[in-house]
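Enquirer: Same order as they appear, the protein sequences are chains B and V. Converting from the first sequence to this note's numbering requires adding 36 to each position, the first position being numbered 1. Converting from the second sequence to this note's numbering requires adding 3 to each position, the first position being numbered 1. The C-beta atom is built at its ideal place from N, Cα and C for all residues, glycine as well.
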Amino acid sequence: MIRLHKVSKIYRPSKDVKVTALDNISIEIKPNEFVAILGKSGSGKSTLMYILGLLEKPSIGEVYINNKLASQMDDRKISSLRNETIGFIFQQFNLIPKLSIIQNIVLPAVYRPGNQHQKVLEYGQYLLSRFGIMDKQNAFPNQLSGGQQQRVAIARALVNKPEIIIADEPTGNLDTKTGVQIMDLLGEIHRQEKKTIILVTHDQQIARRAKRQLFLEDGCLIKQ
Amino acid sequence: MNALQFYLQEALRDLWINKGRSFLTSLGIIIGVYSVILLLSLGEGLKIYIQQQFDSLGSNLIFVIPGKLEGSSGPDSMAGGAKFTDHDYRQLQLGLPEAVVVPAVIKSVTASSRKDQVATSLMGSNQNLSLVYNMLPDEGRFFSKSEELTGRKVVVMGSKIAEELFNSSPIGQTLDINDLKFKVIGVLQSKGGGGLGGPSFDDYLYTPYKALYLLTNERTFYAFYIKANSAEDIELTQAKAERILLKNYKEEDFSLNTQEELLTTISGIFNMVNGVLVGIAAISLLVGGIGITNIMYVTVTERTKEIGIRRAIGAQENNILFQFLTLSLLLTFVGGLLGIVLAYLTSLAIYPFFPATITIEAVIVAFVVCGFIGVIFGVFPARKAAKLSPVEAIRYE
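Here it is as structure tokens:
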């Protein structure tokens, strides 16, 4: 599914400064896995998430998605691979404020050439009703609670039916009870829809939901 | 939903959300397009107006004026040159027996009746002026050959000035022109014109040139109008008249132009002036374009996080580029459309006074120019948006 081969990411904020965010990482994530990436702040887990999510390219090494060498692709190909294969869930929900809930949900499909708008809309509505927020489809993000917004973000991540869901601290901005509900929902999606879930978190409690845990420290993978 | 529909929908939404800002941004384009279109319509109106004025004159006319009137050198070269005299008039009459030669001299005068006193222009000529200018009396008559030869103090009035100076029919009444008493013998039918701020035929007084000479020490004419016998004779008559005048003057001292030549020359001069004005107005379009670039950069910065989110969910660089280009194009097109509508309304308002006309070509040019401005001034901010690093954009607060 996803394979990182000897991946390093080096930033050069100025001419003389060199920061190694990831150092020689090799991982393989199989289909229908639920993996947690754990690490303290600054450990490189966000960089790893962005590389896994094809938002950033490694400085050294290769990234394969379904055996395709993604790290060598141009913007058009990599964006469309990301659009089709990966759904993102963020700590800050990251909904677009001026778009209604249903418009936010169908947005990834708009960037997918040849999408059938009506079908996408119906699927978006199905997800909304499944998550219990059907009545909010014409509301705007600022009219929703944090938990509701995160459900919308999950629906948006699912709308293109991707194989991989990457969730970056999905409960970070929620109270404990809502956080548990969101994690239950992610677990349900993993079980019922056979999605690969990559959970990025610093919270051991939440990471326990995953079947496999990767620990990062100073850009190095210390435990698989 | 296809991509174009989506970009347009998003751009319309953005425009609507920031109504005030969008309007202010488009204002530069609105003013630019408004001034360019209005000036073009005035130029077009001017062409129509000049054509109308020439059409109102008689046909087969040759204009003899001092100085050289060349399209390229412009009106400056009209200054100086020959000072036509009574001698030239007689020579032309003798040399061109088949044509009608009409001299013209104009003097600014004060005309007073019992009712009012006005500053106006008195045109001195011969009895054939009415023939050359297609002037028909509304009442009374034009002055006669004998009145011309004896220089009798008779005056024919334009319709407008007659109304200003007399309540009832002025025929037979006395008009004081610069303290000399003239007898009113006719009032002309209205001919209109004069919409450029200059006097029209209706504002003039007409008298035998010898009568006008009683008011001045100068004994010169500012022009001769020669009416050829027929259209075929124009060229020959023009050549003959030139030969006659060359006996007394150098070639550069005078010009002979047919109506058509004069129309072309005058239109050429006005086109040039209009072109320069349109060019100046177009600078405001450039300024408007810079305003668009400026606000687009602000918009890109404001929406950095949104760009990052869109990239994360699969938008390509091109999707972002086109989204922002659509926004800048929409801003310029809305501005352009408002500018055209305003220019149209203005031209409608001034139409009763001047035939300002917006041509379809001007509208098309305005839209094409707006398109160019939208793309050229929008492409740099849009490229900046497209080239943002998705990760940096998504982290932007």
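Rounded to whole angstroms, how far is the Cβ of V/Asn131 from the Cβ of V/Tyr212, which I believe are closer than 8 Å?
Expert: Between V/Tyr212 and V/Asn131 the Cβ distance is about 12 Å, and since that is not below 8 Å, they are no contact.
Enquirer: So, helix, strand or coil for B/His153, using DSSP?
Expert: helix
Enquirer: For a contact meaning CB atoms closer than 8 Å, what does V/Gln319 contact in chain B?
Expert: Under the 8 Å cutoff, chain B gives Asp111, Arg112, Ser115, Ser116 and Tyr147.
Enquirer: Straight-line CA distance for V/Ser162 to V/Glu254?
Expert: Looking at the backbone, the Cα of V/Ser162 and that of V/Glu254 are separated by about 39 Å.
Enquirer: Going by beta carbon distance, what residues of the same chain come within less than 6 Å of V/Leu266, once the five residues before and after it are set aside?
Expert: Phe57
Enquirer: List the DSSP bridge partners of B/Ala203.
Expert: B/Ile125 and B/Leu235
Enquirer: May I ask you to report which of helix, strand or coil DSSP gives B/Glu92?
Expert: coil
Enquirer: Does the count of Cβ pairs from the region 70-79 of chain B and the region 225-235 of chain B closer than 8 Å reach three?
Expert: yes
Enquirer: For V/Ala226 and V/Gly294, what's the separation of their Cα atoms in angstroms?
Expert: 53 Å
Enquirer: Less than 8 Å between the CB atoms is what I'm expecting for V/Gly291 and V/Ile32, so what's the real figure, rounded?
Expert: 4 Å
Enquirer: Any beta carbon of chain V sitting closer than 8 Å to that of B/Leu143?
Expert: yes
Enquirer: What residues of chain V sit near B/Glu92, judged by a beta carbon separation below 7 Å?
Expert: Chain order gives the chain V residues near B/Glu92 as Val394, where near means a beta carbon separation below 7 Å.
Enquirer: Going straight from the alpha carbon of V/Leu45 to that of V/Asn274, what length do you get?
Expert: About 11 Å.
Enquirer: Decide yes or no for the touch test of the region 90-107 of chain V against the region 141-157 of chain V: beta carbon pairs closer than 8 Å, at least 3 of them.
Expert: At 8 Å Cβ cutoff, the stretches do not touch.
Enquirer: Using a C-beta cutoff of 8 Å, does V/Ile272 count as contacting chain B?
Expert: No, its Cβ sits nowhere closer than 8 Å to a Cβ of chain B.
Enquirer: Would V/Arg386 pass as an interface residue toward chain B - the criterion being a Cβ-Cβ separation below 8 Å?
Expert: no
Enquirer: In chain order, what residues of the same chain lie with their CB nearer than 6 Å to the CB of V/Gln241, ignoring the 5 residues before and after it?
Expert: Ile65 and Leu259
Enquirer: Can you look up V/Ala346 in the DSSP assignment and give me helix, strand or coil?
Expert: helix
Enquirer: When you check each C-beta in the region 124-137 of chain B against every C-beta of chain V, which residues fall closer than 7 Å?
Expert: Phe124, Asn130, Ile132 and Lys134
Enquirer: Can you give the Cα-Cα distance for V/Thr362 and V/Ala389, rounded to whole angstroms?
Expert: 39 Å
Enquirer: Is B/Glu120 near B/Asn196, with beta carbons less than 8 Å apart?
Expert: yes
Enquirer: For V/Asn277, return the contacting residues in chain B, with the cut-off set at a CB-CB distance below 9 Å.
Expert: What V/Asn277 touches in chain B: nothing, since even the nearest Cβ is about 45 Å away.
Enquirer: Would you decide whether B/Arg118 is buried or exposed? Buried here means 16 or more other CB atoms lie within 10 Å of its CB.
Expert: buried
Enquirer: Report back the beta-carbon spacing between V/Ile180 and V/Glu142 to the nearest angstrom; my notes put them in contact at under 8 Å.
Expert: The Cβ separation is near 20 Å, so there is no contact.
Enquirer: Can you look up B/Met109 in the DSSP assignment and give me helix, strand or coil?
Expert: coil
Enquirer: Starting from the C-beta of V/Thr219, find all residues in its chain whose C-beta is less than 7 Å away, skip the five residues before and the five after it, and write them out in chain order.
Expert: Lys110
Enquirer: Among the residues of its own chain, which have a CB less than 7 Å from the CB of V/Ala14, if the five just before and after it don't count?
Expert: Thr329, Leu330 and Leu333
Enquirer: Helix, strand or coil for B/Asp220, going by three-state DSSP, please let me know.
Expert: helix
Enquirer: Please report the straight-line C-alpha distance between V/Phe9 and V/Trp19, rounded to a whole angstrom.
Expert: 15 Å
Enquirer: Could you check whether B/Ala203 and B/Leu222 sit closer than 8 Å to each other, using their CB atoms as the reference points?
Expert: Their beta carbons are under 8 Å apart, which means B/Leu222 touches B/Ala203 by this criterion.
Enquirer: For V/Asp236 and V/Ile229, what's the separation of their Cα atoms in angstroms?
Expert: 11 Å
Enquirer: Please name the residues in the region 311-345 of chain V whose beta-carbon is closer than 9 Å to at least one beta-carbon of chain B, in chain order.
Expert: Gly311, Ile312, Arg313, Arg314, Ala315, Ile316, Gly317, Ala318, Gln319, Glu320, Asn321 and Asn322
Enquirer: Taking only beta-carbon atoms, is B/Arg187 less than 8 Å away from chain V?
Expert: no
Enquirer: Give the DSSP bridge partners of V/Ser38, in chain order.
Expert: Bridge partners of V/Ser38: none, in fact.
Enquirer: Quick one: Cα of V/Thr307 to Cα of V/Ala396, how far?
Expert: 5 Å
Enquirer: Considering V/Ala102, what are the terminal residues of the alpha helix (DSSP H) in which it resides?
Expert: No alpha helix (DSSP H) contains V/Ala102, which DSSP labels as neither H nor E.
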